[in-house]
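Chains as they are written, first to last, in the working numbering: chain E, 912 to 1220; chain P, 5 to 292.
Note that CB positions come from ideal geometry on N, CA and C, so glycine has one too.
Below is one structure, written out as structure tokens; the observations come after it.
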Amino acid sequence: MNSSSALFVSHLFKSYGTLRAVNDISFSVPPSTCFGVLGPNGAGKTTMMKTLYGKAEPDAHPDTHMEVFGFDPRRDQLRIKTLCGIVPQEDNLDVELNVEQNLRIFADFYAMPRKAAGERIAYLLDFMELGEKRTARVRELSGGMKRRLIIARALLNDPALLILDEPTTGLDPQVRQLIWDKLRSLKREGVTILLTTHYMEEAFQIADTILIMDKGNRIMEGNPRRLLEEHLERNVLELMNVSRAERLAQLLDGVHTEASAERVLYFSSDLAVLQEAAARLDPGDGVLRQTNLEDLFLRATGRRLNELQ
Amino acid sequence: MSSSSQNHTEGCVDGLGNPLAKLRGAAAHCIVGRPPRRARRLYAIWLRHVRVYSKNLISNALPPFLEPIIFLVGIGLGLGRYVGMMDGVPYIQFLATGLLVTAAMFTAAFECSFGTYIRLEFDKVYDGMLAAPMSVHDLLVGELLWAGTKGFFFTVSVMIVTTVAGILPLGSIIAAPLLGFLTGTMFGALGFLVTSIVDNINQFNFLFSGLISPMFFFAGVVFPLENLPPVTRPITEILPLTHPVRLLRGLATGNLGWIHLFDAVYLVLFTILVGAWGIHRLKRKLVD
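Below, the structure is given as structure tokens:
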């Protein structure tokens, strides 16, 4: 038992027929931290998350070891689900019911006493800024409100671990920022957070550690800032007008270059050399900027689409 | 969040003691340590269905309530005048006894086919429910109990009509609600099995046009099975509805025999076996 971790997974495998969705994934998440799982569609993120609360069964593999607060999801899924809040990728509210009734039903699933449930619901609607929508039908809610309601629902049991599968996909920037704020405040209160996301910004904003997955495999793991430092040059000159590449060829000889039909990227930690190159370009030809997690992600998982995306 | 913590602590069970509270850090409040007991979980699932269903009670419940009554009036009074006695009783009585459980069949079969499929594939509500401390088994057994409850409810409503209209003496059909419940779970179980097999929602037409509707005519509700050619006997004996109908007739007339014990055993075994099979198959759709 790995008692210092909220979550401990080692050698996790999950196959669907011949497709290996999760291939030997290991990680551990200390309490009160946020662990972000990044990867393109089909990377195995959702499948991996589902194995943590019994929604997917991992392959029977002798080396697999899983613990969520000391409980094995393969045996104690009910204990785990009592301790966790889960926000699945797809909205799954009861559309016939109103906002409060949706939460009432779940309060019953946790066998919360009526009065305590009422207070908790009022508190969470307020927390997720849905207080005014208490009696609104789910059909009348916007996408962002539905998402916030699902997060409120996942917080009903005051979870020690919050599992979120792409919590902000498809939401506008305001709602996304609001959700990030709420997640940060939960983390401060001691909640451990596990989330998957496509948004590098999201991972950078709230994750203490990120795991990049691709085709079921672990690509890299670590603190996002540190990963950037370790794996990527500090700056990138992004050339949109590819016909200018010739002009820069000699100057940028030896600089790490990634080219596609519409773009050439020059990566370097030496800002001066990129600045010099940029000076030779006309306005609009390209842009010089710091590298970000998206660059790292694309370098790690490839720039082209794979057959699962 | 600390403002709510004191209230929230009431009634919570910290089944894990200190270590987990430590993991939560200083702000840790009540942690619901243990999942609710099984009976409580099933009740919560059942209650969910009651709440969602009663949200649109009139449009949900009125048609299945009126259907047997319309049939009773239209066929029983209209056609019944030309039929006279059937199986030793006035036709309207014969028909009314059978109709006590057909509404249970229809509503339960609908609930656990179209209803279950929509919850499974369209609304995805099961994915939400399985995020709470519920197993797939809890989820589906709770739903089966709900199907039984609907059977109970509709049998009682038909019973009220037949009693008030003076068609059947209440004393003779006092066991009908129980049979309505059992019929509901029986067809709920069948609905589960079919739901686990279909690829799309349109395929339920095979269940309703191919099995449920014919059963209405060939399970002894509208006319006695003895009127059919003997070769059809094995088929009518396999049809699930035959058994609650015959059992109810036996109870209503007081003419009970071994065949009725067979009916009761069939009813219970069918529900358990088909239900377990359906749940087993649906589990594969719910757990990856």
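| query | result |
| --- | --- |
| Please report whether the beta-carbon of V36(P) lies at a distance below 7 Å from any beta-carbon of chain E. | Any answer about V36(P) is weak, because its pLDDT of 49 lies below 50 and its placement is not dependable; what the coordinates show is given next. Interface residue, yes. |
| Between V129(P) and chain E, is the shortest Cβ-Cβ distance under 7 Å, so that the two count as touching? | yes |
| Given this structure, state the Cα-to-Cα distance separating E1205(E) from I1123(E), to the nearest angstrom. | 11 Å |
| Please say whether I1121(E) and L949(E) have beta carbons closer to each other than 7 Å? | yes |
| Would you report the Cα separation of P984(E) and I991(E), rounded to the nearest angstrom? | 7 Å |
| Drop a sphere of 10 angstroms on the beta-carbon of I122(P), count the other beta-carbons inside from all chains shown, and report buried for 16 or more, exposed for fewer. | exposed |
| Residues in the same chain with beta-carbon distance under 6 Å from D1076(E), minus the five sequence neighbours each way, listed in chain order, please. | T957, M960, P999, Q1000, T1107 |
| Among residues of its own chain, excluding the 5 on either side of L1048(E), which ones have a beta-carbon nearer than 7 Å to its beta-carbon? | Sequence inspection shows Arg at residue 1048(E); the Leu mentioned does not correspond to that position. Excluding positions up to five away in sequence, the list reads N1009. |
| Give the straight-line distance between the Cα atoms of G955(E) and S916(E), rounded to the nearest whole angstrom. | 22 Å |
| Using a Cβ-Cβ cutoff of less than 6 Å, which residues in the same chain neighbour L27(P) once the five nearest sequence positions on both sides are dropped? | Below a pLDDT of 50, predicted positions are generally treated as unreliable, and L27(P), at 41, falls in that range; the measurement from the model is reported next regardless. Answer for L27(P): no residue qualifies. |
| Run down chain E in chain order and give the residues with a C-beta less than 7 Å from the C-beta of K59(P). | E1007, L1008 |
| Could you tell me whether any Cβ in chain E is nearer than 7 Å to the Cβ of R44(P)? | yes |
| Our contact map puts L183(P) next to W50(P) with C-beta atoms below 8 Å; I'd like the distance itself, whole angstroms only. | Their Cβ separation, rounded to whole angstroms, is 20 Å, which puts L183(P) and W50(P) out of contact at 8 Å. |
| Nearest CA to the CA of P969(E): which residue from T944(E), F924(E), I936(E), D935(E)? | F924(E) |
| Could you list which residues in chain P have their beta carbon closer than 8 Å to that of E1001(E), in chain order? | K128, D131 |
| Buried or exposed, going by whether 16 or more other CB atoms sit within 10 Å of the CB of M133(P)? | buried |
| Just checking: is the beta-carbon of V56(P) within a distance shorter than 7 Å of some beta-carbon in chain E? | yes |
| Q988(E) to V226(P), Cα distance in whole Å? | 49 Å |
| Chain B partners of L134(P), CB-CB under 7 Å? | Note that chain B does not occur in the displayed structure, where the protein chains are E and P. |
| Could you spell out where the beta strand (DSSP E) holding A1170(E) opens and where it closes? | 1167-1170 |
| Please determine, among L1139(E), N1068(E), V1198(E), Q1085(E), the residue with the shortest C-alpha to C-alpha distance to F1020(E). | N1068(E) |
| The beta strand (DSSP E) spanning Q1201(E) covers which residue range? | 1197-1201 |
| With a threshold of 7 Å between beta carbons, is D1019(E) in contact with chain P? | yes |
| Measure the C-alpha to C-alpha separation of A1156(E) and V1175(E) and round it to an integer number of angstroms. | 8 Å |
| Answer yes or no: does any C-beta atom of chain E fall closer than 7 Å to that of A48(P)? | yes |
| Does A30(P) pass the burial test, meaning 16 or more other C-beta atoms within 10 Å, or should it be called exposed? | Residue placement at A30(P) is poorly supported in this model, since its pLDDT is 30, which falls under 50; the coordinates still yield a value, given next. With fewer than 16 other Cβ atoms within 10 Å, it is exposed. |
| Just the chain P side, please: which residues come within less than 7 Å of K1044(E) by C-beta, in chain order? | Under the 7 Å cutoff, chain P gives no residues; its nearest Cβ is about 17 Å from K1044(E). |
| Starting from K925(E), follow the beta strand (DSSP E) in both directions and report where the run begins and ends. | 918-927 |
| If you reduce the DSSP assignment to three classes, tell me which class F980(E) lands in. | coil |
| Counting pairs of Cβ atoms below 8 Å between the stretch 245-254 of chain P and the stretch 275-285 of chain P, do you hit three or more? | no |
| Identify the contact partners of T958(E) in chain P, using a Cβ-Cβ distance below 7 Å as the criterion. | D292 |
| With C-beta atoms as the reference, is G155(P) less than 7 Å away from G102(P)? | no |
| Between the alpha carbons of E1141(E) and Y1034(E), how many angstroms are there, rounded? | 43 Å |
| What does a CB cutoff of less than 6 Å around F191(P) pick up in its chain, not counting 5 residues either side in sequence? | M109, A112, A113 |
| Are any of the Cβ atoms in chain E nearer than 7 Å to that of L51(P)? | yes |
| Assess, as a yes-or-no matter, whether the stretch 230-241 of chain P is touched by the stretch 158-166 of chain P under the definition of 3 or more beta carbon pairs within less than 8 Å. | no |
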